[in-house]
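Chains A and B, in that order, are what the protein sequence lines are.
Numbering-wise (this note's numbering), the first sequence opens with residue 15 and increments by one.
Numbering-wise (this note's numbering), the second sequence opens with residue 562 and increments by one.
The beta-carbon is built from N, C-alpha and C at its ideal position, and this holds for glycine as well.
In this text the structure is predicted, and so the values were computed from the model without any measurement.
The structure appears right after this line, and notes come after that.
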Amino acid sequence: MIDHDILIVGGGLTGLRAAVGLCDRFNVGLISKVYPVRSHSICAQGGINAALTNNPDARDDSWEKHTFDTIKGSDFLADQDAVEIMCKEAIKIVYEMEHWGCPFSRFPDGTIAQRPFGGAAYPRTCYSSDITGHVLLNTLYERAVAKGVKIYPEWFVTSLCVEDGQCHGVVALDMHSGELVPVRAGVTFFGTGGYGRVYQHSTNSLTSTGSGIGMAYKAGVPLKDMEFVQFHPTTLIGTNILMTEACRGEGGYLVNNQGERFMKRYAPTAKELAPRDIVSRCIQTEINEGRGFDHPLGRYIQLDLRHLGEKKIQERLTGIRKICIDFIGIDPVDEPIPIMPCQHYSMGGIDVNERCASEVRGFYAGGECACVSVHGANRLGGNSLLETIVFGKLAAQAISEDMEGGIPKPDEKPLLKLKDEVEKKILRLTAPGREKPYQLQADLGVVMDQKVGIFRTREQLKQAVDKLPELKERYRHVGVSSPSRHMNYELINALELEYMLEVAHTIALGAMLREESRGSHFRTDFNTRNDRDWLKHTIARMGDDGGPAMSYKDVVITRYQPVERKY
Amino acid sequence: MIKESAYTFKILRYDAREPERRPCFSTYRIRVIPGLTVLAVLLRIRDEIDGTLSFRCSCRSAVCGSCAMVINGKLDLACRTQVAGFNTDTIILEPLPNFEVIRDLVVDMTPFWQMYDKIQPYLIRRSHAPEKEIPQSEGERRQIDQFVNCILCACCWGACPVLAREPGYLGPAAAAKLERFVLDSRDERPASALSLVNDEKGVWACDTVFRCIDACPKDVRPTDAIVGLRKAMVKQSLKKILGKAKDET
Chain A
15 MIDHDILIVG
25 GGLTGLRAAV
35 GLCDRFNVGL
45 ISKVYPVRSH
55 SICAQGGINA
65 ALTNNPDARD
75 DSWEKHTFDT
85 IKGSDFLADQ
95 DAVEIMCKEA
105 IKIVYEMEHW
115 GCPFSRFPDG
125 TIAQRPFGGA
135 AYPRTCYSSD
145 ITGHVLLNTL
155 YERAVAKGVK
165 IYPEWFVTSL
175 CVEDGQCHGV
185 VALDMHSGEL
195 VPVRAGVTFF
205 GTGGYGRVYQ
215 HSTNSLTSTG
225 SGIGMAYKAG
235 VPLKDMEFVQ
245 FHPTTLIGTN
255 ILMTEACRGE
265 GGYLVNNQGE
275 RFMKRYAPTA
285 KELAPRDIVS
295 RCIQTEINEG
305 RGFDHPLGRY
315 IQLDLRHLGE
325 KKIQERLTGI
335 RKICIDFIGI
345 DPVDEPIPIM
355 PCQHYSMGGI
365 DVNERCASEV
375 RGFYAGGECA
385 CVSVHGANRL
395 GGNSLLETIV
405 FGKLAAQAIS
415 EDMEGGIPKP
425 DEKPLLKLKD
435 EVEKKILRLT
445 APGREKPYQL
455 QADLGVVMDQ
465 KVGIFRTREQ
475 LKQAVDKLPE
485 LKERYRHVGV
495 SSPSRHMNYE
505 LINALELEYM
515 LEVAHTIALG
525 AMLREESRGS
535 HFRTDFNTRN
545 DRDWLKHTIA
555 RMGDDGGPAM
565 SYKDVVITRY
575 QPVERKY
Chain B
562 MIKESAYTFK
572 ILRYDAREPE
582 RRPCFSTYRI
592 RVIPGLTVLA
602 VLLRIRDEID
612 GTLSFRCSCR
622 SAVCGSCAMV
632 INGKLDLACR
642 TQVAGFNTDT
652 IILEPLPNFE
662 VIRDLVVDMT
672 PFWQMYDKIQ
682 PYLIRRSHAP
692 EKEIPQSEGE
702 RRQIDQFVNC
712 ILCACCWGAC
722 PVLAREPGYL
732 GPAAAAKLER
742 FVLDSRDERP
752 ASALSLVNDE
762 KGVWACDTVF
772 RCIDACPKDV
782 RPTDAIVGLR
792 KAMVKQSLKK
802 ILGKAKDET
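Structural data, given as structure tokens:
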């Protein structure tokens, strides 16, 4: 048994920021299933939004305008009080990260450089070339090393321990030794990331399985707005590697097989820089209506950067150029990039308030695994890095306050009981089974891609909802090849798959029940937003029958009444 | 239609838990479409053929640094290496050299991280933080560009001939990280901070044969850092000899 005052799960931006904010005053442990610098935060490319007004075209910008853009981008589903907090805090945390050494790109006057991004009225996205996630994650990891945060790298949390409305800690697998260890903590904080890999095609790292979300759900913590799944407009054909929105922010065009910059037709003002939900639907429409290009790996649209010239591409989109050359043999200086939309981000997640607190005592969550909600039905580019750090910081403050108020002591009994259950689960998974975990995961991915995608109908969603209990039944027969527990990635995948199936179920059912179109959730059978019936959050709890039980919760509106979204 | 070609993958297997079983190659025949990466094939082998195969991976886009290994004798990230990029239909995969193997292609990177921790890998400031950003010119920012790009994949560690004979050596990545801060116009570490690596197990151990530069998948040049740090140290000691040393506390 390991003991900590506070246990943080996840070594990405949110987890590290929370740890850095808490480690001076409390005994903090941070568990991460990969070395922290391998976390998915590293993949963020384009930037982080804050109304610094450094760009000459953004002198009138303000945190209030950032707030409005975020709320409009969310199709008015975001909680407005939380968005206000995030956008105000944005300015402070960007300066804080800079003071901690983050190497942002600079303007000629020595200030932090800022570029235009989708859905934003001003160029307010701070960046470091196209490796902004990499520099932020490294900076926070460096901070954690400087402060001597206790890190358990390559430990995988298998289960969350909740009993009588209180969280007691987790059970974790030390992947090096293969040992199963109960970890007791007064507060457990999840910064475990998104669920991209429940889809077949995703820009996400292979480790972004959403298992943390599913773990919380199975332990009785409700989830929020799971049906809102962001599809990124521009991912490289074949591998679905992200081609940052900064490609368009820097001036790139989207072109169909007629040679037409088609976004002019759909969003006459914002064009390529309309929010992601809109641009993804436009690209998919162009492809569906026969104006895409054919390729053995699928149909695509061109992302054309050639007119930007080699100097700008090399300077501002260095990584993109290298990825294109390495992965598809195309230099964007000479040729357009073949792109298609695919799953990118999880707006929904563990239901928490603006203090990152869930309804379970002692359990908090932040970042992509959580839903505060600041992104509502559609997240703006540059707001995810922002959310991770802001809410890592605010969670640390909230947890400090709550610790002072006195958190009930965690109990070892439920943890030991849970450890026995996990032990049994692993024995079951390592006994010979008919079903290979990868095959089940692949089948799940296809269902989610085909039935719960960019364009949705009741019929398809119903098929997905009906299919999920079938997949869960198959999970009971999953078996892995080796009983050894150290560095057994097939076993880790099998353990995560259980949670992925739960996550997928809440997405599909939430989408089937929501009979309107809002942000990323587009129903061809209910193709307009319906504020009268659906201006509310979906809450999913695990029901008695094992399926999700849905309820709804009001959206917090402060001063921005819903209006039609035009770009 | 896409045409598949047959490849033979030979992967070095070993489990530190079973030291009595010597390392040996497992052979897998697999049909591959053009454009497939070594990582994509590894995933297929693990998922469809042999679930006992162990290797690290995450981002599959050459930014997280998980999947460094030896591929047909060359150190690289499996995710950015095209199977068809070699003039042969046999691909041999081995774990990163200069580390203990935990299992198959997974090595114990503890010594690598110890060296990283040792050099104080963070911005050190002594002046008061300004209200806004610490100003930095575009030129000053460019100074640290190549070192900022390091993804800590340890290809350089695997390639380093010094580490092969001198396990206590600092290694190229930690030196590059230190130089990234020394060259940062905002950093105010005392000159004495360099003494951490100013010995025969530090920057003076380097053979300057540039293997790390050849191995780096992100075009970082760790040898530049080592040479830069050596110059800074020589300058410091000259200053001391000439009695011009400033207060270094």
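Mapping the DSSP letters down to three states, classify residue i as helix, strand or coil.
i, result
"Lys450 (chain A)", "coil"
"Val781 (chain B)", "coil"
"Asp74 (chain A)", "coil"
"Asn302 (chain A)", "helix"
"Val461 (chain A)", "helix"
"Ile802 (chain B)", "helix"
"Gln357 (chain A)", "strand"
"Ile16 (chain A)", "strand"
"Arg470 (chain A)", "strand"
"Ala573 (chain B)", "Per the sequence presented here, residue 573 (chain B) reads as Leu, with Ala not at that position. Three-state result, Leu573 (chain B): strand."
"Ala129 (chain A)", "For clarity, residue 129 (chain A) is Arg in the given sequence; the question names Ala instead. Arg129 (chain A): strand per DSSP, three-state reduction."
"Gly222 (chain A)", "According to the sequence provided, residue 222 (chain A) is Ser. The question's Gly does not apply to it. Ser222 (chain A) falls in the coil class under three-state DSSP."
"Asp188 (chain A)", "strand"
"Met630 (chain B)", "strand"
Indicate whether at least one CB of chain B lies closer than 8 Å to the CB of residue i.
i, result
"Arg320 (chain A)", "no"
"Ile13 (chain A)", "Shown here, chain A extends from 15 to 581; a query on residue 13 (chain A) therefore has no answer."
"Pro236 (chain A)", "no"
"Leu220 (chain A)", "yes"
"Pro122 (chain A)", "yes"
"Val34 (chain A)", "no"
"Arg73 (chain A)", "no"
"Ile292 (chain A)", "no"
"Phe341 (chain A)", "yes"
"Val494 (chain A)", "yes"
"Met501 (chain A)", "yes"
"Ser119 (chain A)", "yes"
"Ala160 (chain A)", "yes"
Can you check whether the CB of residue j is closer than 8 Å to the CB of residue i?
i, j, result
"Asp637 (chain B)", "Pro778 (chain B)", "yes"
"Gly362 (chain A)", "Glu241 (chain A)", "yes"
"Ser534 (chain A)", "Asn541 (chain A)", "no"
"Tyr209 (chain A)", "Val517 (chain A)", "yes"
"Asp644 (chain B)", "Val593 (chain B)", "A small correction: the amino acid at residue 644 (chain B) is Val; Asp does not occupy that position in the sequence shown. The answer is yes: Cβ separation under 8 Å."
"Pro658 (chain B)", "Val631 (chain B)", "yes"
"Gly226 (chain A)", "Pro424 (chain A)", "no"
"Val293 (chain A)", "Met514 (chain A)", "no"
"Gly115 (chain A)", "Thr146 (chain A)", "no"
"Gln244 (chain A)", "His148 (chain A)", "no"
"Phe405 (chain A)", "Pro352 (chain A)", "no"
Measuring alpha carbon to alpha carbon, tell me which residue in the options is nearest residue i.
i, options, result
"Cys716 (chain B)", "B:Arg664, B:Ala776, B:Gly804, B:Val668", "B:Ala776"
"Gly312 (chain A)", "A:Glu286, A:Lys326, A:Pro355, A:Gln272", "A:Pro355"
"Cys625 (chain B)", "A:Ala518, A:Gly333, A:Tyr513", "A:Gly333"
"Ile174 (chain A)", "A:Leu408, A:Ile413, A:Val374, A:Gly561", "According to the sequence displayed, residue 174 (chain A) carries Leu and not Ile. Answer by Cα proximity: A:Val374."
"Glu699 (chain B)", "A:Phe40, A:Val171, A:Arg120", "A:Arg120"
"His80 (chain A)", "A:Lys47, A:Asp463, A:Pro117, A:Leu400", "A:Leu400"
"Glu565 (chain B)", "B:Val602, B:Glu581, B:Ser587, B:Asp576", "B:Val602"
"Leu509 (chain A)", "A:Lys450, A:Leu527, A:Arg528", "A:Lys450"
Does the beta carbon of residue i come closer than 8 Å to any beta carbon on chain A?
i, result
"Leu566 (chain B)", "According to the sequence as given, residue 566 (chain B) is Ser; it is not Leu. Output row for Ser566 (chain B): interface = no."
"Pro751 (chain B)", "no"
"Leu790 (chain B)", "no"
"Tyr819 (chain B)", "Residue 819 (chain B) lies beyond the residue range present for chain B, which begins at 562 and ends at 810; the question has no answer from this structure."
"Gln707 (chain B)", "no"
"Glu664 (chain B)", "Residue 664 (chain B) is actually Arg in this sequence, not Glu. Cβ-Cβ to chain A under 8 Å: yes for Arg664 (chain B)."
"Asp678 (chain B)", "yes"
"Gln697 (chain B)", "yes"
"Ile572 (chain B)", "no"
"Ala754 (chain B)", "no"
Report back the beta-carbon spacing between residue i and residue j to the nearest angstrom; my notes put them in contact at under 8 Å.
i, j, result
"Pro289 (chain A)", "Leu458 (chain A)", "At roughly 28 Å, the Cβ-Cβ gap does not stay under 8 Å, so Pro289 (chain A) and Leu458 (chain A) are not in contact."
"His519 (chain A)", "Gly561 (chain A)", "7 Å"
"Pro722 (chain B)", "Asp665 (chain B)", "Pro722 (chain B) to Asp665 (chain B), Cβ: 25 Å. No contact."
"Ile337 (chain A)", "Ser622 (chain B)", "6 Å"
Is any non-hydrogen atom of the ligand HEM found closer than 7 Å to the C-beta of residue i, if you look at the structure I gave you?
i, result
"Gly459 (chain A)", "Because no ligand of any kind appears in the structure shown, any question about the ligand HEM cannot be addressed here."
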